[in-house]
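Shown next, in structure tokens, is the structure this report addresses.
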Amino acid sequence: MLKIYNTLSRKKEIFSPRVEGKVGLYVCGMTVYDYCHVGHARVMVVFDTVARYFRYSGYELCYVRNITDIDDKIIRRAHEQGVSLTELTERFIEAMHEDERALSVLPPDIEPKATQSIPDIIAMIEILCAKDLAYVGHNGDVFYAVTKFKNYGQLSGKNLDDLQAGERVDVDLAKRNPLDFVLWKMAKENEPAWPSPWGLGRPGWHIECSAMSTCCLGNSFDIHGGGMDLQFPHHENEIAQSEGATGEKFVNYWMHNGFVRINEEKMSKSLGNFFTVREVLKQYQPEIIRFFILSSHYRSPLNYSDEQLNDARLALTRLYTALRGCDRGNAEIDVDYKARFAAAMDDDFNTPVALSVLFDLARELNAAKEAKSIKVQELVASLRFLGGLLGIVQGDADDFLKSGIVNGEALDEELIEQQIQSRLAAKKAKDWALADKIRDDLKEQGVILEDTPNGLSTWRRE
RNA sequence: GGCUGCGUAGCAAAAUGGUUAUGCAGUGGCCUGCAAAGCCAUCUACGGCGGUUCGAUUCCGCCCGCAGCCUCCA
Numbered sequence: 050m051l052k053i054y055n056t057l058s059r060k061k062e063i064f065s066p067r068v069e070g071k072v073g074l075y076v077c078g079m080t081v082y083d084y085c086h087v088g089h090a091r092v093m094v095v096f097d098t099v100a101r102y103f104r105y106s107g108y109e110l111c112y113v114r115n116i117t118d119i120d121d122k123i124i125r126r127a128h129e130q131g132v133s134l135t136e137l138t139e140r141f142i143e144a145m146h147e148d149e150r151a152l153s154v155l156p157p158d159i160e161p162k163a164t165q166s167i168p169d170i171i172a173m174i175e176i177l178c179a180k181d182l183a184y185v186g187h188n189g190d191v192f193y194a195v196t197k198f199k200n201y202g203q204l205s206g207k208n209l210d211d212l213q214a215g216e217r218v219d220v221d222l223a224k225r226n227p228l229d230f231v232l233w234k235m236a237k238e239n240e241p242a243w244p245s246p247w248g249l250g251r252p253g254w255h256i257e258c259s260a261m262s263t264c265c266l267g268n269s270f271d272i273h274g275g276g277m278d279l280q281f282p283h284h285e286n287e288i289a290q291s292e293g294a295t296g297e298k299f300v301n302y303w304m305h306n307g308f309v310r311i312n313e314e315k316m317s318k319s320l321g322n323f324f325t326v327r328e329v330l331k332q333y334q335p336e337i338i339r340f341f342i343l344s345s346h347y348r349s350p351l352n353y354s355d356e357q358l359n360d361a362r363l364a365l366t367r368l369y370t371a372l373r374g375c376d377r378g379n380a381e382i383d384v385d386y387k388a389r390f391a392a393a394m395d396d397d398f399n400t401p402v403a404l405s406v407l408f409d410l411a412r413e414l415n416a417a418k419e420a421k422s423i424k425v426q427e428l429v430a431s432l433r434f435l436g437g438l439l440g441i442v443q444g445d446a447d448d449f450l451k452s453g454i455v456n457g458e459a460l461d462e463e464l465i466e467q468q469i470q471s472r473l474a475a476k477k478a479k480d481w482a483l484a485d486k487i488r489d490d491l492k493e494q495g496v497i498l499e500d501t502p503n504g505l506s507t508w509r510r511e
């Protein structure tokens, strides 16, 4: 039985879909004006893992993740770079898809763009105006009147009085209440704009998600996810907009993932302390990043450091070492491991525990290999299968073990093979000093030799 | 200031009212020409103070420390 921590209730709740066997999942995606950083990677990997697990559990899933391709920052960046809006956004959408593929993130079922949802957005704003939940300010912008929505603040546990007390942003005089937020923004000169009943302009940030999610998944759907920082005000505003417009319960379960941190501080664009996915990929294999992300629970903070990435690499090395030279055949999946794995994932997607099951499997597999037990294939099949649910250990073991890219200058494989042959000859001649020297020299260059029982040697990169 | 959440062994990271997490590192053993890998065994814990309880790392309260949101942010 799957349990999900619901931000709305701040409790783990038994997941019960609106429609038996079906799940609608909406996740707030990227604003595409720059490359994805590790924080974005976390959202992608976390919800990809959630999506994979829903499908494995037999649900018919519709996974929607939007792209914000119109926004102040995008406009500014396009101006700075002297390119058109779409030139900029298309470039970063492609870059995002590249990063996703690298991280084994499967594409969502629907990936709506804000600029392609303008009619839906306008229609929703019109309803909000008609219901007197929105108004046109002095400057022509359309605002949502926060005080008119009775449950405002329920998701983030805030109330309007507290929010006003803590108000620390410049008051926009066009608003009736400083907490009101913009639904439609009038265009300034040279800004991309769409016609609307209120004039040429563009949508505010929050309304696009309300429009796209309800259009793709219905007025009511099961799960809405995103980073912790979106809880307030973004998701709070989405609820106000959607429920205000439709009169129906917007979302049943809200899932928020924790931040990636650097030195105990949130990784973010504004702090400038971020690493892009493509930067990190120069130093670590993509699977290492994915493992690193899954090694902590999705709601916990995740500290980014070379030490942590190296730990992830060593951990994956252990799993691949167990799989090395093994074939899964047509073996069945071990039911006990499968049950333990499912129990972990059913508990609010507890990937650290799910991973620990994989390590227990690896240990038994190693022992089975040594004992030449008939269980080997079953254990291999199980490790591959359960790893696959997390999007890891699907590659060839030797490919992973031999392709360390830690120090850039990788020693040529042919050269390594030559050295190994020389060493085998030295071993045959019982010239241990020479054999050891060759091995030590290779070790210096990050190549570790491992002699096998059949008198040969295999190798891997450190 | 208001509202969240967190504080676990050398590091990372889970669960749990009484019993093994797991990975890396350490120690002892097996294996090996010696290693590496692997296997077996093993040492390091639950921020502080009170309370509830037969029993608390786990529940409650207070304190200390850290992070996040309250402004664009995944």
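To get this note's numbering, take the position in the first sequence, counting from 1, and add 49. Note that the Cβ used here is the ideal one computed from N, Cα and C, for glycine as well.
{"Check": "When you compare each of 250, 223, 221, 246 to residue 235 by their alpha carbons, which one comes out closest?", "Outcome": "250"}
{"Check": "Whole angstroms is fine: what's the gap from residue 472's alpha carbon to residue 502's?", "Outcome": "16 Å"}
{"Check": "For residue 100, which residues from the same chain have a beta carbon less than 8 Å from its beta carbon, with the 5 sequence-adjacent residues on both sides left out?", "Outcome": "74, 110, 112, 155, 157"}
{"Check": "Compare the C-alpha of residue 440 against each of 338, 485, 346 and name the closest.", "Outcome": "338"}
{"Check": "Considering only the alpha carbon of each residue, which of 125, 237, 288 lies closest to residue 193?", "Outcome": "288"}
{"Check": "In three-state DSSP terms, what is residue 455?", "Outcome": "Since pLDDT at residue 455 reaches only 46, below the 50 mark, its modelled position is unreliable, and the value read off the structure follows with that caveat. Note: residue 455 maps to coil in three-state DSSP."}
{"Check": "Specify the secondary structure class of residue 500 as computed by DSSP and reduced to three states.", "Outcome": "strand"}
{"Check": "With contact counted as at least three CB pairs below 8 Å, one residue from each stretch, are the segment 82 to 100 and the segment 310 to 326 in contact?", "Outcome": "yes"}
{"Check": "Taking only runs of the alpha helix (DSSP H) that begin and end inside the segment 80 to 115, which ones reach a length of at least 4 residues, in chain order?", "Outcome": "87 to 105"}
{"Check": "Does residue 481 pass the burial test, meaning 16 or more other C-beta atoms within 10 Å, or should it be called exposed?", "Outcome": "exposed"}
{"Check": "Can you give the beta carbon distance from residue 523 to residue 77, rounded, assuming they're within the 8 Å contact cut?", "Outcome": "Any property of residue 523 remains undetermined from this structure, which presents the chain solely from 50 to 511."}
{"Check": "Could you tell me which of 342, 369, 280, 226 sits nearest to residue 96, measuring between CA atoms?", "Outcome": "342"}
{"Check": "Round the Cβ separation of residue 56 and residue 80 to the nearest angstrom and send it over; I've been treating them as touching at under 8 Å.", "Outcome": "Not really, about 21 Å apart at Cβ, beyond 8 Å."}
{"Check": "Whose CA, out of 329, 252, 151, lies closest to the CA of residue 168?", "Outcome": "252"}
{"Check": "Where residue 509 and residue 170 are concerned, what is the direct C-alpha to C-alpha distance, given to the nearest angstrom?", "Outcome": "54 Å"}
{"Check": "Return helix, strand or coil for residue 187, following the three-state DSSP convention.", "Outcome": "coil"}
{"Check": "According to the Cβ coordinates, are residue 177 and residue 290 closer than 8 Å?", "Outcome": "yes"}
{"Check": "Rounded to a whole number of angstroms, what is the C-alpha to C-alpha distance between residue 119 and residue 166?", "Outcome": "11 Å"}
{"Check": "Mind checking residue 58: buried by the 16 CB within 10 Å criterion, or exposed?", "Outcome": "exposed"}
{"Check": "To the nearest angstrom, report how far apart residue 53 and residue 273 are at their CA atoms.", "Outcome": "12 Å"}
{"Check": "Are the CB atoms of residue 247 and residue 185 within a distance shorter than 8 Å?", "Outcome": "yes"}
{"Check": "Alpha carbon to alpha carbon, how far is residue 135 from residue 267? Give it in angstroms, no decimals.", "Outcome": "28 Å"}
{"Check": "Quick one: give me the first and last residue of the beta strand (DSSP E) that residue 232 is part of.", "Outcome": "230 to 235"}
{"Check": "Please name the residue or residues paired with residue 75 in a DSSP beta bridge.", "Outcome": "113, 273"}
{"Check": "Let me know the secondary structure DSSP gives residue 505 once reduced to three states.", "Outcome": "coil"}
{"Check": "Within a Cβ cutoff of 8 Å, which residues of the same chain sit near residue 67, ignoring the five residues on either side of it in sequence?", "Outcome": "73, 269, 270, 271, 301"}
{"Check": "Identify whether residue 152 lies in helix, strand or coil by the three-state DSSP scheme.", "Outcome": "coil"}
{"Check": "Would a C-beta distance cut-off of 8 Å place residue 362 and residue 148 closer than the cut-off?", "Outcome": "no"}
{"Check": "Quickly, what does DSSP pair residue 303 with across the bridge? List them, please.", "Outcome": "273"}
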